[in-house]
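Residue numbers (this note's numbering): 2 to 293.
Have a look at this one:
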């Protein structure tokens, strides 16, 4: 495997206080296309970076999350980062932090002890961890204080830093299906196109599909079809901003007819086209086309 030059591999190293939000940062990085390795021993940082460089593809953007609970964690993060740079990598170090009072509330809310607490109090564990990570914090490129951030606000902050606008945009799949084969289990909206006349009963259209002009024109030319598509296009457009604020990145709009060959296919193609015209990232897929 040829791989790629180290400088073309985007590396992010995430560390910080337990309870500060490392897991949320990791999920947000996954959302924007990073391959995330959680709880990686610091001793394996360079090995993982080399593997990512050789693998290329999805590993071109790799994030490594370090946790003090790993027995292989050491305080010399600066040395590890320096070694990465000597090998040609340009890692960005993200440190998540929060006020002691906030961290204590978070641990108490989930009824967990601190990993460095031992026989002492929560505050003792937090103090021990701060001392262990002091140099790592000083060396960080980005420090995110999560004291006053909820999960969605933290996610958006990470996406602003590492995602770019395209990665943060909601992606809409308009999925045609046949009711006789069951509902799509991942559908966020389910539309029923069976109120329209069925091209199956038109002999010259029966063997064709909703992706073909003759069937599409027949379906979309029926009374109520245009209003149906317009109403649902408006609905999706009205809800996407809210879904994005709540962290949803993929929306599935399922359009069903009896067999998933004619009406639902034509409607899905038309609806996805209108959504794209309104600026959304949308595509049509056809689950049951060709199944009959």
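No residue lacks a Cβ here, since even glycine has one placed at the ideal position from N, Cα and C.
Quick check: residue i and residue j, are their CB atoms within less than 8 Å of each other?
i: residue 221; j: residue 161; result: no
i: residue 66; j: residue 38; result: yes
i: residue 252; j: residue 173; result: yes
i: residue 47; j: residue 140; result: no
i: residue 254; j: residue 237; result: yes
i: residue 194; j: residue 264; result: yes
i: residue 10; j: residue 63; result: yes
According to the neighbour-count rule (16 or more other Cβ atoms, all chains shown, within 10 Å of its Cβ), is residue i buried or exposed?
i: residue 178; result: buried
i: residue 269; result: buried
i: residue 118; result: buried
i: residue 156; result: buried
i: residue 22; result: buried
i: residue 111; result: exposed
i: residue 98; result: buried
i: residue 121; result: exposed
Using the three-state DSSP reduction, which class does residue i fall into: helix, strand or coil?
i: residue 11; result: strand
i: residue 197; result: coil
i: residue 126; result: helix
i: residue 174; result: strand
Any heavy atom of the ligand ATP within a distance shorter than 7 Å of the CB on residue i?
i: residue 27; result: Ligands displayed in this structure: none; no statement on the ligand ATP is therefore possible.
Following the continuous alpha helix (DSSP H) through residue i, name the residue where it begins and the one where it ends.
i: residue 252; result: Unbroken run through residue 252 is the beta strand (DSSP E), 251-258; no alpha helix (DSSP H).
i: residue 155; result: 152-163
i: residue 50; result: 46-56
i: residue 269; result: 264-278
i: residue 93; result: Counting along the chain, residue 93 falls outside any alpha helix (DSSP H), though it belongs to the beta strand (DSSP E) covering 93-98.
Need the endpoints of the beta strand (DSSP E) that residue i sits in, please.
i: residue 33; result: Residue 33 -> no beta strand (DSSP E), and no H or E assigned at all.
i: residue 241; result: No beta strand (DSSP E) holds residue 241; the alpha helix (DSSP H) holding it covers 226-246.
i: residue 66; result: 62-66
i: residue 101; result: Note, residue 101: premise wrong, no beta strand (DSSP E); alpha helix (DSSP H) at 101-111.
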